[in-house]
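Each residue of the sequence shown is one higher than the one before, starting from 5 at the first, in this note's numbering. Glycine is no exception: its CB is placed at the ideal position from the N, C-alpha and C atoms. This one's a predicted model, so the numbers in the text were calculated from it and none came from an experiment.
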Amino acid sequence: MGTKITDKLISLFHLDKGDKRKNYGYFAGIISIVVNVILFAIKLIFGVSLKSVSLIADAFHSLSDVVTSFIVILGFKISAKPPDKKHPFGHGRAERIFSIVIACILIIIGVEFFINGFNRLRNPIPIDSNWLIVIVLLITVLVKEFLSHVSFDLGKKINSPTLKADAWHHRTDSISTVLVIIGFILYRFGFYYIDGILGMVISVLIAYTGISIIKESGSFLMGEAPSLSLFEKIKETALCCDSVSDVHHVHVHDYGGKIEITLHIRLNKKTRLDKAHEKASQVEKAVKENIRGAEVTVHIEPEFKEN
């Protein structure tokens with residue numbers, strides 16, 4: 005269902021025209037900014053009027069989404085820059101750097117609200133609530149889940165770590181709001197200390213998400229080995245070309261939307277040089293067609309028989 009809605013949005017706003025990757029990133033960032041500003045105002049008004057630290061924390065979690073959405077847009081703007089002399093492989097890895105920036109913001113927010121929640125746990129105060137507030141918050145949960153699904157879908161379509169990180173930010177916001185709703189229900193039974201506990205739980209959730217994003221993006225920037233499925237896809241594609249008897253030494257360097265692939269192939273040792281070059285070009289073309297955004301370099305070796 006979520007994917008169908010995303011496809012309709014792509015069609016409605018013509019996001020596939022021009023630089024699709026940049027369009028997706030800008031769209032996700034802009035729609036997130038507009039929605040989260042509205043949600044922040046709603047949650048903050050209710051949180052201040054009810055003196056609820058968990059709801060105020062949740063409101064600023066929504067506001068942090070506005071900040072991260074600006075970062076998302078900036079990240080896509082930089083990553084869309086063409087290659088230059090200093091960066092011959094493009095600027096695609098900027099997305100990973102900006103996803104780490106988003107993660108750091110999440111961790112800082114998590115630590116701050118953990119402290120606030122702990123103080124409220126030590127000094128609990130009564131909180132008034134009503135079903136109208138619960139209904140309003142349930143609506144905000146649905147809205148955040150909508151944003152999360154859109155960001156996830158767009159992120160999967162262009163394999164964007166930044167959009168996936170932003171989607172998790174939306175998801176943690178909706179989960180934290182659900183916890184706030186549970187707290188409001190328990191307040192009616194006199195469990196006022198729950199406000200502080202939930203504030204701390206939300207904080208840990210926010211910080212954990214940030215740490216997970218840093219771990220994933222950091223691993224990518226250090227240079228991850230290709231997935232087994234990608235390795236097999238490259239190998240099978242090359243072996244489908246005539247006269248190629250073996251494929252090995254497959255190396256993949258992902259620069260974020262631009263992939264550099266090098267591989268070695270074996271041909272009959274009697275193959276003429278011009279024919280060998282022709283076969284190498286054929287393998288390069290085949291791999292390029294099957295792996296989006298790939299630049300391929302093929303090294304040729306003669307076949308040999310092991311004793």
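Determine the burial state of residue i: buried for a count of at least 16 other Cβ atoms within 10 Å of its Cβ, exposed for fewer.
i	result
V57	buried
H281	exposed
N311	Its pLDDT being 37, under 50, N311 is placed unreliably in this model, and the coordinates cannot settle the point.
C245	buried
R97	buried
L136	exposed
R124	buried
D69	buried
A45	exposed
In the DSSP assignment, the beta strand (DSSP E) including residue i goes from what residue to what residue?
i	result
V52	Here V52 belongs to no beta strand (DSSP E); instead the alpha helix (DSSP H) covers K24 to L54.
H255	D250 to D258
R97	Run containing R97: none; DSSP gives neither H nor E here.
E305	A298 to P306
T266	I263 to L271
What does a CB cutoff of less than 7 Å around residue i pick up in its chain, not counting 5 residues either side in sequence?
i	result
N362	Because the chain is modelled from 5 through 311, residue 362 falls outside the range shown and cannot be assessed.
V182	V145
K26	F80 and A84
V287	A242, C245, V248, I269 and V302
Please list, in chain order, all residues of the same chain as residue i whose beta carbon is under 8 Å from its beta carbon, the five residues on each side excluded.
i	result
V52	I60
F235	V254 and V256
K283	C245, D246, S247, V248, I269, L271, T275 and I304
Determine the extent of the alpha helix (DSSP H) in which residue i is found, giving its start and end residues.
i	result
R175	P165 to Y191
I210	I198 to G227
L19	First-last for L19: undefined, no H or E at that position.
S231	Premise fails: S231 is in no alpha helix (DSSP H) and is neither H nor E.
A290	L277 to N294
Answer yes or no: do residue i and residue j have a C-beta to C-beta separation smaller than 8 Å?
i	j	result
I100	S221	Going by the sequence as given, residue 100 is Arg instead of Ile. Yes, the pair counts as a contact, with Cβ atoms nearer than the cut-off.
S207	H174	no
F31	L43	no
T213	T176	yes
A298	I265	yes
F117	G227	no
K3	G94	Residue 3 is absent from the structure shown; the chain starts at 5 and stops at 311.
L142	V184	no
K273	E307	yes
S180	D62	yes
I162	Y259	no
I77	G22	no
D157	T7	yes
I111	A211	yes
P128	G200	yes
Here's a check: name, in chain order, each residue in its chain whose Cβ is nearer than 6 Å to the Cβ of residue i, leaving out the five neighbours to either side.
i	result
A169	S103, I106 and I217
L225	R100
P230	V256
Subject >> Continuous alpha helix (DSSP H) assignments of at least 4 residues falling wholly in the stretch 69 to 155 >> reply: The stretch 69 to 155 is shown to contain whole alpha helix (DSSP H) runs of 4 or more residues at 98 to 126, in chain order.
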